[in-house]
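Novice:
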Amino acid sequence: MTVLVAGGGIGGLAAAVGLARAGQHVTVLEAAAAFEEIGAGIQVGPNGFRMLDSLGVGPAVRARAVHVDEGRLRCGVSGRLVAALPFDSDFQARFGTYAVVHRNDVLAPLLAACLADERVDLRVDSAVAAYEQDGSGVTAVLRSGDVVRGAALVGADGLRSAVRRQLVGDGEPPVSGHTTFRAVIPAENVPQSLKENVVTLWAGPRYHVVWYVIAGGRYVNLVATVDNGATEPMTGKPVEHAEVLRHFSPLCDDATQVMALAAEWRAWVLCDRPPITTWQDSRVVLLGDAAHPVLQYAAQGACQALEDAVCLSSAYDSRDVAGSLARYVALRSERTARVHHVSRLMGREVYHPAGEAAAARDAMFASWTVADLHERLEWLYG
Ligand SMILES: Cc1cc2nc3c(=O)[nH]c(=O)nc-3n(C[C@H](O)[C@H](O)[C@H](O)COP(=O)(O)OP(=O)(O)OC[C@H]3O[C@@H](n4cnc5c(N)ncnc54)[C@H](O)[C@@H]3O)c2cc1C
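Shown next as structure tokens:
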């Protein structure tokens with residue numbers, strides 16, 4: 001019987017590719033009318049690229065990615081360089097590729113791999129509302145009322161997962177109090193003086209601004225986040241330029257110039273969930289943001305979804321569905337909890353501190369060499 005995957009985002013399609021390569025038949029049930037990602041960028045660390053390689057799509061994603069020279073942390077107020085991590089030959093020899101991509105540059109190769117594999121059945125307009133299971137299989141109940149039967153159900157249906165709602169029952173994700181504003185800027189609008197092949201992060205008191213080039217150099221991805229105590233969820237709401245700017249002050253000249261380039265902004269109030277270990281209900285299991293949504297501060301949400309997908313695919317055993325899903329959860333829960341913890345810590349201690357706390361951060365980075373940074377990244381990228 002087929003493995004059902006609810007959700008065709010990066011995590012769901014990666015799981016479909018991995019399971020199919022391991023010999024399983026897979027049916028992907030996607031709520032939306034098409035398989036596509038919103039027009040924004042993500043950073044993909046070496047651990048993410050190793051997973052893409054293992055799924056056979058690493059070369060296609062590398063070909064679409066922008067291979068940045070360095071990651072830079074700057075003071076948001078003065079613009080001063082606080083720390084730099086070169087993605088040079090030493091970094092690559094130790095960890096592998098670090099690159100930035102448009103989200104579709106990851107999704108499209110995964111989609112192409114699904115389409116090329118006759119074991120994968122892709123269905124759109126198929127929102128999963130609930131599931132039922134017995135000793136021989138699981139039934140996904142769609143919002144339309146249709147049912148689809150399989151041997152297992154993987155809930156890869158994102159932050160507001162319907163599968164999680166039934167499996168864990170922990171309600172809506174709590175809002176973090178942080179608001180993220182995103183804009184995508186045509187690269188031709190960026191003055192030459194600001195063009196650098198790096199990921200730059202300006203960290204200021206209770207805010208940070210990240211920007212980098214995506215989509216083969218055609219666009220610049222701009223993400224500005226503020227710890228403003230937001231209490232209501234918000235998902236992609238269009239916002240006025242002046243409304244965005246009022247959160248980011250004082251801001252150094254370069255960052256101000258970059259922010260001024262954005263024509264259209266959208267806002268999200270960020271959510272995560274405290275780590276749990278109960279991702280499984282017999283033949284049903286969670287993956288990616290449905291299992292462990294994290295703040296984006298370690299740039300790892302999609303990378304962890306890819307790790308989940310590869311791990312699930314290698315653990316899955318059709319002769320022992322529940323046992324093999326339990327092995328997958330055991331392999332993934334501690335690592336993803338650590339990523340959750342580190343993501344929050346980075347927001348608090350590295351990206352948003354002010355005054356003495358910011359000075360302590362700067363002193364800490366000043367005392368580290370690049371080799372020290374590599375040591376500290378080994379658990380994540382190594
Ligand atoms: C501002 C920001 C920046 C980020 N930057 C990075 C970064 O630099 N690096 C990184 O690795 N990660 C980053 N992330 C995190 C990353 O985007 C997510 O972790 C990743 O997209 C999760 O993938 P997923 O497949 O689990 O979920 P999603 O991408 O949310 O996909 C879920 C899919 O399920 C579908 N769906 C929803 N409900 C149902 C249903 N009931 N039935 C069927 N289908 C359903 C949805 O339509 C969607 O296609 C960032 C996130 C944010 C918010």
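Heads up: the sequence shown at position 148 corresponds to 148 in the working numbering, and the numbers run straight through without jumps.
All residues carry an ideal CB built from backbone N, CA and C; glycine is no exception.
#1: So, are the CB atoms of Val-106 and Val-61 less than 7 Å apart?
#2: Could you pull the start and end residues of the beta strand (DSSP E) that Phe-181 belongs to?
#3: Are Val-315 and Tyr-328 touching if we call contact CB-CB under 7 Å?
#4: Determine whether the beta carbon atoms of Asp-121 and Thr-27 lie at a separation below 7 Å.
#5: What residues in its chain sit with their C-beta under 6 Å from that of Trp-265, if we drop five residues either side in the sequence?
#6: At a threshold of 6 Å, does Gly-301 count as lining ligand 1 (C-beta to nearest heavy atom)?
#7: Let me know the alpha helix (DSSP H) ranges lying completely inside the segment 51-137, each 4 residues or longer, listed in chain order.
#8: Cutting at 8 Å between CB atoms, please list the residues of its own chain near Ile-10, excluding the five before and the five after it.
#9: May I have a chain-ordered list of the alpha helix (DSSP H) segments no shorter than 4 residues that lie completely inside the segment 350-379?
#10: Would you report the Cα separation of Asp-90 and Lys-195, rounded to the nearest angstrom?
#11: I want to check one thing, is the minimum distance from the CB of Ala-112 to the heavy atoms of ligand 1 below 6 Å?
#12: Thinking C-beta only, is Glu-70 closer than 7 Å to Ala-410?
#13: What is the DSSP secondary structure of Thr-139, reduced to helix, strand or coil?
#14: Grouping DSSP H, G and I as helix and E and B as strand, with all else coil, what is Gln-304?
#15: Leu-261 and Asn-189 look like a contact to me (Cβ under 8 Å); what is the Cβ gap, rounded to whole Å?
#16: Any heavy atom of ligand 1 closer than 6 Å to the beta-carbon of Gln-43?
#17: What first and last residue would you give for the beta strand (DSSP E) that runs through Gln-43?
#18: On the DSSP letters alone, give me the boundaries of the beta strand (DSSP E) that Ala-34 sits inside.
#19: By a C-beta neighbour count over all protein chains shown, 10 Å radius and 16 as the cutoff for buried, is Gln-118 buried or exposed?
#20: Does Asp-253 come out as helix, strand or coil in the three-state DSSP assignment?
Specialist: According to the structure data:
#1: Locating residue 106 in the sequence shown gives position 106, counting from the first residue. Locating residue 61 in the sequence shown gives position 61, counting from the first residue. Yes, they are a contact pair.
#2: Position 181 of the sequence shown, counting from 1, holds the residue named residue 181. Element bounds for Phe-181: 175-186.
#3: By one-based count along the sequence shown, residue 315 stands at place 315. By one-based count along the sequence shown, residue 328 stands at place 328. For the sequence presented, residue 315 should be read as Ala rather than Val. Contact check for Ala-315 against Tyr-328 passes: the beta carbons are separated by less than 7 Å.
#4: Reading the sequence shown from its first residue, position 121 is the one you call residue 121. Reading the sequence shown from its first residue, position 27 is the one you call residue 27. Going by C-beta atoms, Asp-121 is nearer than 7 Å to Thr-27.
#5: Position 265 of the sequence shown, counted from the first residue, corresponds to residue 265. Closer than 6 Å at the Cβ level, and outside the excluded window around Trp-265, lie Phe-181, Ala-183, Val-239, Val-244.
#6: For the purposes of this step, residue 301 is identified with residue 301 of the sequence shown, where counting begins at 1. Indeed, a heavy atom of ligand 1 lies less than 6 Å from the Cβ.
#7: 58-64, 89-94, 103-115
#8: In the sequence shown, the residue the question calls residue 10 occupies position 10. Taken in chain order, the residues that qualify are Glu-37, Arg-103, Val-106, Leu-107, Leu-110, Gly-288, Ala-302, Ala-305, Leu-306.
#9: 355-366
#10: Position 90 of the sequence shown, counted from the first residue, corresponds to residue 90. Position 195 of the sequence shown, counted from the first residue, corresponds to residue 195. Using only the alpha carbons, I get a separation of about 24 Å.
#11: Counted from its first residue, the sequence shown places residue 112 at position 112. No, ligand 1 has no heavy atom inside 6 Å of this Cβ.
#12: Residue numbering for the chain in the displayed model covers 1 to 382; residue 410 lies beyond these limits and cannot be assessed.
#13: As a first step, residue 139 is located in the sequence shown; it is residue number 139 there, counting from the start. Of the three classes helix, strand and coil, the one that applies to Thr-139 here is strand, per DSSP.
#14: Within the sequence shown, residue 304 is the residue found at index 304, counting from 1. In this structure, Gln-304 counts as helix in the three-state DSSP scheme.
#15: Along the sequence shown, one-based indexing puts residue 261 at 261. Along the sequence shown, one-based indexing puts residue 189 at 189. Contact flag correct, Cβ pair sits at about 6 Å.
#16: By one-based count along the sequence shown, residue 43 stands at place 43. For ligand 1, at least one heavy atom lies less than 6 Å from the Cβ of Gln-43.
#17: Here residue 43 refers to the residue found at position 43 when the sequence shown is read from its first residue. Gln-43 -> beta strand (DSSP E) spans 41-44.
#18: Sequence index remark: in the sequence shown, residue 34 carries index 34 (1-based). From DSSP, Ala-34 is part of no beta strand (DSSP E); its letter is neither H nor E.
#19: Taking the first residue of the sequence shown as 1, we reach residue 118 at position 118. What sits at residue 118 in the sequence shown is Glu, not Gln. Exposed.
#20: Here residue 253 refers to the residue found at position 253 when the sequence shown is read from its first residue. The answer is helix: DSSP assigns Asp-253 an H, G or I state.
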